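Start counting the sequence shown at 1; every next residue gets the next number (full-length UniProt numbering).
See structure below.
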Amino acid sequence: MSMLQTVDDHSLTGEDTDLFELLCQRRGWSDQYLKEIESTEHDELLDLAEMVEALADARATGKKIVIAPDFDMDGISSGVLGYAGLSELGFDVELHLPDYRRGHELAPEDIAEIHAKWPDTRVLLTCDGGVNSRRGIAAARALGWMTLVTDHHEELAPGSTADVTVDPCRMDETYAHTGICGAHVLYQVLEAYTRVHRPEKRWEIHLLRLFAGLGTVSDVMPVLYENRQLVRDAISIARLLRVAAPKTIPNPWGGFDADPDAIDVEQSILMQLLRTEPHHPVFLRAFEGFAIVLKAFAQVGKIRDVDDLDEGFFGFYLAPAMNSPRRTGASLEPCFAAFTAAGADVKLKAAHQVIENNELRKHLVIEHMEELAAGDQPLAPWVYFSDAYPGMYGLLANRMMELNGHPVVVVNRPAGSDDFVSGSGRAPGWFDIITSLEPHDGLSAIGHQQACGVRVAKAEKLGDLVAVLQEATQVALLAVSTDGPNGDLVLGPDADCDASLEDLQPLFELVRRTEGLKPFGHGFTAPVVEIAIEPLGLRVDRIGSESQHLRLVTRSGLSCLWWNVAEEKFDMLRGFVQRASRTELGTLRFTAALQLNTFRGDTRVQAVINEQITTAA
Numbered sequence: 001m002s003m004l005q006t007v008d009d010h011s012l013t014g015e016d017t018d019l020f021e022l023l024c025q026r027r028g029w030s031d032q033y034l035k036e037i038e039s040t041e042h043d044e045l046l047d048l049a050e051m052v053e054a055l056a057d058a059r060a061t062g063k064k065i066v067i068a069p070d071f072d073m074d075g076i077s078s079g080v081l082g083y084a085g086l087s088e089l090g091f092d093v094e095l096h097l098p099d100y101r102r103g104h105e106l107a108p109e110d111i112a113e114i115h116a117k118w119p120d121t122r123v124l125l126t127c128d129g130g131v132n133s134r135r136g137i138a139a140a141r142a143l144g145w146m147t148l149v150t151d152h153h154e155e156l157a158p159g160s161t162a163d164v165t166v167d168p169c170r171m172d173e174t175y176a177h178t179g180i181c182g183a184h185v186l187y188q189v190l191e192a193y194t195r196v197h198r199p200e201k202r203w204e205i206h207l208l209r210l211f212a213g214l215g216t217v218s219d220v221m222p223v224l225y226e227n228r229q230l231v232r233d234a235i236s237i238a239r240l241l242r243v244a245a246p247k248t249i250p251n252p253w254g255g256f257d258a259d260p261d262a263i264d265v266e267q268s269i270l271m272q273l274l275r276t277e278p279h280h281p282v283f284l285r286a287f288e289g290f291a292i293v294l295k296a297f298a299q300v301g302k303i304r305d306v307d308d309l310d311e312g313f314f315g316f317y318l319a320p321a322m323n324s325p326r327r328t329g330a331s332l333e334p335c336f337a338a339f340t341a342a343g344a345d346v347k348l349k350a351a352h353q354v355i356e357n358n359e360l361r362k363h364l365v366i367e368h369m370e371e372l373a374a375g376d377q378p379l380a381p382w383v384y385f386s387d388a389y390p391g392m393y394g395l396l397a398n399r400m401m402e403l404n405g406h407p408v409v410v411v412n413r414p415a416g417s418d419d420f421v422s423g424s425g426r427a428p429g430w431f432d433i434i435t436s437l438e439p440h441d442g443l444s445a446i447g448h449q450q451a452c453g454v455r456v457a458k459a460e461k462l463g464d465l466v467a468v469l470q471e472a473t474q475v476a477l478l479a480v481s482t483d484g485p486n487g488d489l490v491l492g493p494d495a496d497c498d499a500s501l502e503d504l505q506p507l508f509e510l511v512r513r514t515e516g517l518k519p520f521g522h523g524f525t526a527p528v529v530e531i532a533i534e535p536l537g538l539r540v541d542r543i544g545s546e547s548q549h550l551r552l553v554t555r556s557g558l559s560c561l562w563w564n565v566a567e568e569k570f571d572m573l574r575g576f577v578q579r580a581s582r583t584e585l586g587t588l589r590f591t592a593a594l595q596l597n598t599f600r601g602d603t604r605v606q607a608v609i610n611e612q613i614t615t616a617a
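As structure tokens, this is what we get:
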């Protein structure tokens, strides 16, 4: 695409063109497809009934169950879900806090800690992990414990050694939609138990879909089939926990927001409903904790109204914050305490600790990205060496993947050719890291296909790793054309545009109908448009509490927000606008997401810019 898009005679798509229908056509979203992905029907997971009966026996005989979750957002969601649900169902249950320094697999050290803290433990229940934790499971069985594993990771040969394993990715499993998260697996177990043994508790257990849906989004599961309604339910339940403050304060955009310091979580609809009947304290703390977490995010300006609570909040704010301790070496305890501690003040303090640590994580990512770009990187752009805390490798790999457009692995820098090397890999959807490394001696990966830990037996094998990544990318580039627009639709005055930006009503209808397809996420991504804007008559303002954002307003009144780029882009864009008054310039091109914004009862279309893709000459 040329750096200058000249405004010339062109034939835009006809005025009667239905932009929503055009979008669906380009995405391949036929009516049949959209109907199929809404189906919530699914098979029963293998050994689900066996696990239900094992739990029933544990409750009937008064055996203590200890839940051992993983340490990421899905693991936290699973742990809280299981702890709250089993407590409400009448079990004697405790929650073990994992140690991310030991890795994702349950270790004998975890079993020793559980045994020391709760010596009367008789049942171990894992969630979001355990299917391949042979050493940890062996240690638990050596103590005579019943071992129950709920997981969603691929089972590796020779297979799970637990008494009962429920996992959609078991080697002998036939579950059709394997992309369900760990919290969803455990939810299905509790739902089945409740249906058989405690049907009077179905409403209470249904509310735990809040945590299963959060885990689904945070673990980047496909938002398809049973996951779609699960995520919708989670968002709806979260909104029932959000309460508006009784007074307002001015915001940096010239309007007024609810005062988050005045929020009383007990006034939320769901908490009021829960307080009408007796419930187990652990069950109540989970929902009170979620409401307090929302209050904390409102206090730092990440939530302004209930519409801000959607899959985007789960995936871009809450999950990264809860995942930040393992990125920075901080304590994981506040992440669990926010949902499990007694006392609102303790929960609120824990929630703010999580948010503060996430801000540190953001700064560290910037620093380490600069180090990657400036340092000695002989294997770039495929493999990068980093001195960051190991938990940061995945974030760095993801950033480099986005920049390069192909699989990337970030590892520790070895001292010699015989050194063991480990790190994290990230890949686009067209490349499976784990499967691709399996045939190669000395190379292995564990986790998810596009996001996993990578191990290299000896540093001398790093060249083989590069070769695997490079070959896969070359094959993919031959199969996929990179020509064409950067968005699903192209909007503006240029010859290749599908519609003009002069009349905003068709855009309003496009966004309204598109939002009816939510939730969006992995496997069903939100539409992106390419917009062409004429500099002449464009208004460019700095907004935000620190004037860090930009707002571009076109002559037709379309407001385009561009976050955190004012320092870099303001002078440049203002210069283009000034030059446009005396020089014929082409259009500025951006990729953006369209959304509806309601202010004082007036709803309008606005664009949120992702990136600039061309610059007017």
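We put the beta carbon where it would ideally sit given N, CA and C, even for glycine.
Just so we're clear, the structure is a prediction, and the values are computed from it rather than from any experiment.
Legend entry - Three-state class that DSSP yields for Gly-447 in the structure shown: Sequence index remark: in the sequence shown, residue 447 carries index 447 (1-based). Three-state result, Gly-447: strand.
Inset, instruction - State buried or exposed for Val-196, treating a residue as buried only when at least 16 other CB atoms are found within 10 Å of its CB. - result: To locate residue 196, count along the sequence shown from 1; it is residue 196. Val-196 is exposed by the Cβ-count criterion.
Legend entry - Rounded C-alpha distance that separates Pro-535 from Thr-587: On the sequence shown, position 535 is the one that residue 535 refers to. On the sequence shown, position 587 is the one that residue 587 refers to. Computed Cα separation, rounded: 6 Å.
Inset, instruction - Pull up the distance between the alpha-carbon of Val-189 and that of Leu-48, whole angstroms please. - result: In the sequence shown, counting from the first residue as 1, residue 189 sits at position 189. In the sequence shown, counting from the first residue as 1, residue 48 sits at position 48. Cα-Cα distance, rounded: 6 Å.
Inset, instruction - Would you decide whether His-10 is buried or exposed? Buried here means 16 or more other CB atoms lie within 10 Å of its CB. - result: Mapped onto the sequence shown, residue 10 falls at position 10. Summary for His-10: the model assigns pLDDT 36, below 50, so the residue's position carries little reliability; its value from the coordinates is reported in the next sentence. Exposed, since its Cβ has fewer than 16 Cβ neighbours within 10 Å.
Inset, instruction - Would you mind reading off the limits of the alpha helix (DSSP H) that contains Asn-358? - result: By 1-based counting over the sequence shown, the position of residue 358 is 358. 344-374 is the span of the alpha helix (DSSP H), which, as asked, contains Asn-358.
Inset, instruction - For the alpha helix (DSSP H) containing Leu-561, list its first residue and its last residue. - result: Taking the sequence shown and counting its residues from 1, one reaches residue 561 at position 561. Where Leu-561 is concerned, there is no enclosing alpha helix (DSSP H), although the beta strand (DSSP E) it sits in stretches over 559-562.
Inset, instruction - Determine the closest residue to Trp-563 out of Gln-548, Arg-574, Met-572, with distance taken between C-alpha atoms. - result: Counting from one through the sequence shown, the residue named residue 563 turns up at place 563. Out of Gln-548, Arg-574, Met-572, Gln-548 has the C-alpha closest to the C-alpha of Trp-563.
Legend entry - Same chain, Cβ closer than 8 Å to Gln-229, neighbours up to 5 away in sequence not counted: Residue 229 sits at position 229 when you count from the first residue of the sequence shown. Glu-38, Thr-40.
Legend entry - Inter-stretch contact at 8 Å, needing at least 3 Cβ pairs: the region 22-35 / the region 488-500: yes
Legend entry - Under the three-state DSSP convention, the category Ser-77 falls into: Residue mapping note: residue 77 aligns to position 77 of the sequence shown, counting from 1. Ser-77: helix per DSSP, three-state reduction.
Inset, instruction - Note down, in chain order, each residue of its chain lying with its Cβ closer than 7 Å to the Cβ of Ala-140, except the 5 sequence neighbours on either side. - result: Reading the sequence shown from its first residue, position 140 is the one you call residue 140. Taken in chain order, the residues that qualify are Ile-111, Leu-124, Thr-147.
Legend entry - Collapsed DSSP secondary structure at Leu-395 in the structure displayed: Working through the sequence shown from its first residue, we reach residue 395 at position 395. Helix at Leu-395.
Inset, instruction - Using alpha carbons as the reference points, say which of Gln-267, Thr-276, Glu-311, Glu-105 lies closest to Lys-295. - result: Translated into positions along the sequence shown, residue 295 becomes position 295. With distances taken between Cα atoms, Lys-295 lies closest to Gln-267.
Legend entry - Contained alpha helix (DSSP H) runs [length at least 4] in the UniProt domain "DDH" (64-196), N- to C-terminal order: 73-88, 108-117, 134-142
Inset, instruction - Return the chain-ordered ranges of every alpha helix (DSSP H) run that is complete within the region 529-602 and spans a minimum of 4 residues. - result: 566-580
Legend entry - Separation of Arg-135 from Tyr-175, as counted between CA atoms: For this step, residue 175 is matched to residue 175 along the sequence shown. For this step, residue 135 is matched to residue 135 along the sequence shown. In a straight line, the C-alpha of Tyr-175 is about 27 Å away from that of Arg-135.
Legend entry - Euclidean distance between Cα positions of Ile-137 and Gly-130: Position 137 of the sequence shown, counted from the start, is the residue given in the question as residue 137. Position 130 of the sequence shown, counted from the start, is the residue given in the question as residue 130. Cα to Cα, the separation comes out at about 8 Å.
Inset, instruction - Name the two residues that bound the continuous alpha helix (DSSP H) containing Asn-227. - result: Taking the first residue of the sequence shown as 1, we reach residue 227 at position 227. Taken as a continuous stretch (DSSP letters only), the alpha helix (DSSP H) holding Asn-227 covers 226-240.
Legend entry - Selected residue, minimal CA-CA separation from Arg-102, among Ala-344, Gly-391, Leu-19, Trp-382: Here residue 102 is taken as the residue at index 102 of the sequence shown, counted from 1. Taking only the C-alpha atoms, the option nearest Arg-102 is Gly-391.
Inset, instruction - List the whole-angstrom C-beta distance separating Gly-425 from Cys-452, where the pair is believed to meet the contact cut-off of C-beta under 8 Å. - result: Locating residue 425 in the sequence shown gives position 425, counting from the first residue. Locating residue 452 in the sequence shown gives position 452, counting from the first residue. Sure, about 6 Å apart at Cβ, within 8 Å.
Inset, instruction - Taking 8 Å as the cut-off, decide whether the C-beta atoms of Pro-527 and Arg-232 are in contact. - result: In the sequence shown, counting from the first residue as 1, residue 527 sits at position 527. In the sequence shown, counting from the first residue as 1, residue 232 sits at position 232. Going by C-beta atoms, Pro-527 is not nearer than 8 Å to Arg-232.
Inset, instruction - Less than 8 Å between the CB atoms is what I'm expecting for Ala-499 and Thr-17, so what's the real figure, rounded? - result: By 1-based counting over the sequence shown, the position of residue 499 is 499. By 1-based counting over the sequence shown, the position of residue 17 is 17. Right, their Cβ atoms sit about 7 Å apart.
Inset, instruction - Can you tell me which of the three DSSP states Ile-609 falls into? - result: In the sequence shown, residue 609 corresponds to position 609, counting from 1. Residue state, collapsed to three classes: strand.
Inset, instruction - Compute the beta-carbon to beta-carbon distance between residue 639 and Met-322, rounded to the nearest angstrom, for a pair I have assumed lies under 8 Å. - result: Only positions 1 to 617 of the chain appear in this structure, which leaves residue 639 out of reach.
Inset, instruction - For His-280, count neighbouring Cβ atoms within 10 angstroms of its own Cβ and tell me buried if that reaches 16, exposed if not. - result: What you label residue 280 is simply residue 280 of the sequence shown in a count that begins at 1. Buried, by the Cβ-count rule.
Inset, instruction - Starting from Tyr-317, follow the alpha helix (DSSP H) in both directions and report where the run begins and ends. - result: As a working mapping, residue 317 is identified with position 317 in the sequence shown. Neither: Tyr-317 is in no alpha helix (DSSP H) and is coded neither H nor E.
Legend entry - Val-383 beta carbon less than 8 Å from that of Val-411: As a position in the sequence shown, residue 411 is number 411, starting the count at 1. As a position in the sequence shown, residue 383 is number 383, starting the count at 1. Cβ distance < 8 Å, so Val-411 and Val-383 count as in contact.
Legend entry - Cutoff 8 Å; reference Leu-507; Cβ partners in own chain excluding five residues on either side: Counting from 1 along the sequence shown, the entry for residue 507 is found at position 507. Answer for Leu-507: Leu-19, Leu-491, Ala-499, Leu-501, Leu-558, Leu-594, Val-605, listed in chain order.
Inset, instruction - Look up Thr-340 in the DSSP assignment and say whether it is helix, strand or coil. - result: Residue numbering aside, residue 340 sits at position 340 when the sequence shown is read from its first letter. Three-state result, Thr-340: helix.
Legend entry - With 16 other Cβ atoms within 10 Å as the buried cut-off, status of Gln-32: Position 32 of the sequence shown, counted from the first residue, corresponds to residue 32. By the neighbour-count rule (16 or more Cβ atoms within 10 Å), Gln-32 is not buried but exposed.
Inset, instruction - Mind checking which residues open and close the beta strand (DSSP E) that includes Arg-426? - result: Taking the sequence shown and counting its residues from 1, one reaches residue 426 at position 426. Where Arg-426 is concerned, the enclosing beta strand (DSSP E) stretches over 421-426.
Legend entry - Option nearest Val-52 by Cα separation, candidates Asp-163, Gly-523, Ser-133: Position 52 of the sequence shown holds residue 52. Of the candidates Asp-163, Gly-523, Ser-133, the one whose C-alpha sits nearest the C-alpha of Val-52 is Asp-163.
Legend entry - Cβ-Cβ distance between Ala-472 and Phe-431 below 8 Å: Along the sequence shown, one-based indexing puts residue 472 at 472. Along the sequence shown, one-based indexing puts residue 431 at 431. Yes, the Cβ-Cβ distance between Ala-472 and Phe-431 is below 8 Å.
Legend entry - Own chain partners of Gly-159 with C-beta closer than 7 Å, once the 5 adjacent residues on each side are dropped: Taking the first residue of the sequence shown as 1, we reach residue 159 at position 159. Around Gly-159: Met-171.
Legend entry - Assigned exposure category for Asp-128 - 16 Cβ within 10 Å defines buried: As a working note, residue 128 is residue 128 in the sequence shown. It is buried - the Cβ of Asp-128 has at least 16 other Cβ atoms within 10 Å.
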